[in-house]
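Working notes for the structure below.
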Amino acid sequence: MDMPSVRLQCDFSNFEYSKAIECGVNPSYPRELNTVQLNRCTKNIRSHLQKWKVAAYDVNVEWKLILLRCGLFDVDAYTDKTICPAHRYKLGFSWTSSRKCCHPLHKGKGKPFRGVNKATSREMFDRWGTLVTVGTGICRGCLSKHKQAVTHQTAEQLPPSDVLSKEQVEQQCTTSDFTSPAGVPSLQPTDTECTSVHEQTSESSSTNGDITQDVGALDSSWAPTPRPKNVKLQSLNTFLTQGGMSAVDGQLHLSLDKASDSTIRYYRRKAKEAFGLVLHCLAPGQEDGLMKITIGETTAESSQSGQDFDSSTRSLVECYQTADNWCTKRQILSILARNMTKQRLLQLIPGLTIYRIDAARKHAKESGGGQPVELEPITRSRLQKTKVDHFIQFISRPEFVQDVAFGTRRLKLTQGEKIEIPNVVRTVVVSRLVDLYQVYCHETGFTPLGRSSLFSITQVCAAAKKKSLSGLDNIAAEASEGFDAMDRLIGLLGEFGEFSTALNQQLHFHWLFKFVGR
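Just so we're aligned, residue 1 is where the sequence shown starts under UniProt numbering, counting upward by one.
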């Protein structure tokens with residue numbers, strides 16, 4: 001059945017994380033051909049949440065689930081939006097999750113055991129800038145790492161009071177570590193803006209004093225002083241959520257020098273989002289041009305990366321690039337890696353890797369920055385020295401070895417040392433010598449080395465083998481006697497005929513070939 005060609009347009013086509021879905025009709029629900037208001041999406045999603053192992057109390061209605069999967073966590077601000085069937089079901093009932101863990105910190109082969117809930121999804125979006133939608137799988141290891149990271153960031157968040165003191169406002173006004181959206185220079189508040197903030201803070205402090213005095217004037221009907229809300233932060237969050245971005249968790253009262261890297265990244269990212277949204281509202285599609293006209297073309301990142309470094313650092317970088325081996329490069333890099341970040345080193349030295357930076361820092365910690373490593377030769381002795389000495393003493397007995405009146409041999413040890421010894425001759429076959437040694441150890445109750453190890457030791461020991469030539473001498477003598485007997489026989493037969501002369505010539509010819517030709 002062909003689907004009817006219906007052209008629809010809903011508000012979800014303008015949101016960042018849902019604009020990739022094309023507006024239209026969902027094939028599973030061909031009868032729904034019109035856009036509807038978001039708050040009318042109230043189908044039962046209990047079975048869908050159970051399928052992806054998400055708690056039902058966290059997300060209890062269909063339209064809230066759709067907004068959360070778009071990265072819109074302030075759900076009450078979007079109830080009047082319209083949605084088409086394609087966006088509704090691809091973000092709702094027809095949504096499917098990956099079989100792998102999608103946490104930004106995931107490493108290894110851990111498999112998901114449950115789905116991400118609303119709180120975890122927002123924490124990952126605020127901390128790492130990655131939208132992991134509700135229902136996406138997460139493994140146990142990543143969940144434990146996530147809880148530790150969020151706990152560490154929470155310790156650096158706001159103090160109990162939401163009202164800024166005058167000193168804190170001054171500190172924030174003088175802070176210049178504002179970074180702009182990608183490729184856009186940074187913004188810095190002017191003196192007039194700081195003065196207005198001081199005045200508003202003073203008014204807020206005086207208002208708090210009046211409330212305290214009024215409460216103290218009461219007799220018995222005492223009630224705790226209501227904490228005034230931070231109107232500016234609420235206004236900023238409303239502005240961000242209406243622009244399709246997540247709200248700010250709170251203001252940073254901790255000094256930027258003492259804050260962790262993750263906290264600084266979080267507030268830097270939120271500042272970029274706020275700056276980009278303001279520029280988009282003022283001049284849609286011309287954000288970069290407006291920023292260049294207002295501030296200039298030089299960004300804070302380019303000025304930091306392009307700043308010149310001193311001559312000593314430049315010399316070390318040149319030495320590193322001209323070094324011909326890794327050991328020398330590691331020594332040079334260990335000097336630079338102690339006081340520079342990894343990102344800075346990667347910018348200074350093209351082709352450098354994180355592994356080499358870690359290896360250089362390890363070298364600086366163990367041996368010192370720039371210090372060479374003295375490599376000592378390692379010799380492994382896997383045989384017991386007592387057993388080796390016992391066997392060498394046995395095969396060095398006069399019964400098995402004879403001295404030679406001339407010549408020397410050079411014995412090379414495993415440590416590299418060479419010893420010059422007199423030349424000797426072994427009078428016993430090696431296999432018989434090993435058999436005798438094993439019998440001797442059995443009689444004395446000594447546990448010898450293995451048979452193959454004993455043969456290896458005899459090959460290393462410098463001793464010549466005695467060869468017997470008696471067999472060759474006996475063969476030659478017997479052959480000579482045979483020719484003599486044949487000669488006498490031919491002479492005896494020659495008395496009865498003339499053929500004896502020819503036979504004697506042939507016999508002497510063969511005799512000369514056998515003995516002279518050898």
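In this text, a Cβ means the ideal position worked out from N, Cα and C, and glycines have one as well.
* What is the rounded straight-line gap between the Cα of residue 86 and the Cα of residue 21? -> 8 Å
* To do: Rounded to whole angstroms, what's the CA-CA distance from residue 384 to residue 435? Just pull it up for me.
  => 20 Å
* Within its chain, find whatever has a CB closer than 7 Å to the CB of residue 65; leave out the 5 residues flanking it on each side and keep chain order. => 45, 59, 92, 134
* To do: Take the Cβ of residue 63 as the centre, count every other Cβ of all protein chains shown within 10 Å, and call the residue buried at 16 or more, exposed below.
  => buried
* Pick out whichever of 69, 56, 235, 89 has its Cα sitting closest to the Cα of residue 36. => 89
* According to DSSP, residues forming a beta bridge with residue 114 -> 138
* If you compare alpha carbons, which of 339, 321, 372 is closest to residue 352? -> 321
* Asked: How big is the Cα-Cα spacing for residue 408 and residue 402?
  -> 13 Å
* Does DSSP put residue 131 in a helix, in a strand, or in coil? -> coil
* Asked: Can you tell me the Cα-Cα spacing of residue 244 and residue 266, whole angstroms?
  -> 17 Å
* At which residues does the alpha helix (DSSP H) containing residue 269 begin and terminate? -> 261 to 282
* What residue from 148, 26, 31, 273 has the CA that sits closest to residue 16's CA? -> Here the closest residue by C-alpha is 273.
* From the DSSP output, in three-state form, read off residue 417 for me. => It is coil, neither helix nor strand.
* Could you give the residue range of the alpha helix (DSSP H) that holds residue 236? -> 231 to 242
* Whose C-beta lies closer than 6 Å to the C-beta of residue 32 among residues of the same chain, with five residues either side of it excluded? -> 85
* To do: Return helix, strand or coil for residue 407, following the three-state DSSP convention.
  => Looking at residue 407 - three-state DSSP - the assignment turns out to be strand.
* Just checking, does the region 338 to 358 make contact with the region 309 to 320 on the three C-beta pairs under 8 Å criterion? -> yes
* What residues in its chain sit with their C-beta under 7 Å from that of residue 376, if we drop five residues either side in the sequence? -> The beta carbon of residue 376 lies closer than 7 Å to none in the same chain, with the five residues before and after it left out.
* Asked: How about residue 323 and residue 332: do their beta carbons lie closer than 8 Å?
  -> yes
* In angstroms, rounded to a whole number, what distance separates the CA positions of residue 41 and residue 344? -> C-alpha separation (whole angstroms): 51 Å.
* Sequence-distant residues of its chain with Cβ nearer than 7 Å to residue 199 (five each side left out) -> Legend: pLDDT at residue 199 = 43, less than 50; position of this residue unreliable, value from coordinates given subsequently. There are no such residues.
* Asked: Quick one: what does DSSP say residue 377 is sitting in, helix, strand or coil?
  -> coil
* Give me whichever residues DSSP pairs with residue 83 in a beta bridge. => Secondary-structure assignment with DSSP links residue 83 through a beta bridge to 36.
* Under 8 Å, do residue 151 and residue 102 count as touching if we go by C-beta distance? -> The answer is no: Cβ separation not under 8 Å.
* Where residue 321 sits in the DSSP three-state scheme -> Of the three classes helix, strand and coil, the one that applies to residue 321 here is helix, per DSSP.
* **Pick from 346, 279, 348, 359 that is closest to residue 330, judged by C-alpha positions** => 359
* **Beta-carbon proximity list for residue 228, same chain, < 6 Å, skipping 5 on both sides** => Confidence in residue 228 is poor, its pLDDT being 49 and thus under 50, which makes the residue's placement unreliable; the coordinate value appears in the next sentence. Result list for residue 228: empty, nothing under 6 Å.
* Option nearest residue 95 by Cα separation, candidates 24, 491, 48 -> Comparing Cα positions, the closest option is 48.
* Is the Cβ-Cβ distance between residue 128 and residue 97 less than 8 Å? -> In this structure, residue 97 does not lie closer than 8 Å to residue 128 by Cβ.
* **Cβ-Cβ distance between residue 55 and residue 117 below 8 Å** => yes
* Cross-strand partners of residue 402 (DSSP beta bridge) -> 425
* Comparing the CB of residue 457 with every heavy atom of the ligand GDP, is any distance shorter than 7 Å? -> Absence of the ligand GDP is noted for the structure shown, with no ligands found whatsoever.
* Asked: Hey, out of 411, 382, 370, 426, whose CA is closest to residue 397's CA?
  -> Per the Cα distances, 426.
* Asked: What span of residues does the alpha helix (DSSP H) with residue 343 cover, start to end?
  -> 342 to 348
* To do: Using 10 angstroms around the beta-carbon of residue 364, count the other beta-carbons present and answer buried if the total reaches 16, otherwise exposed.
  => buried
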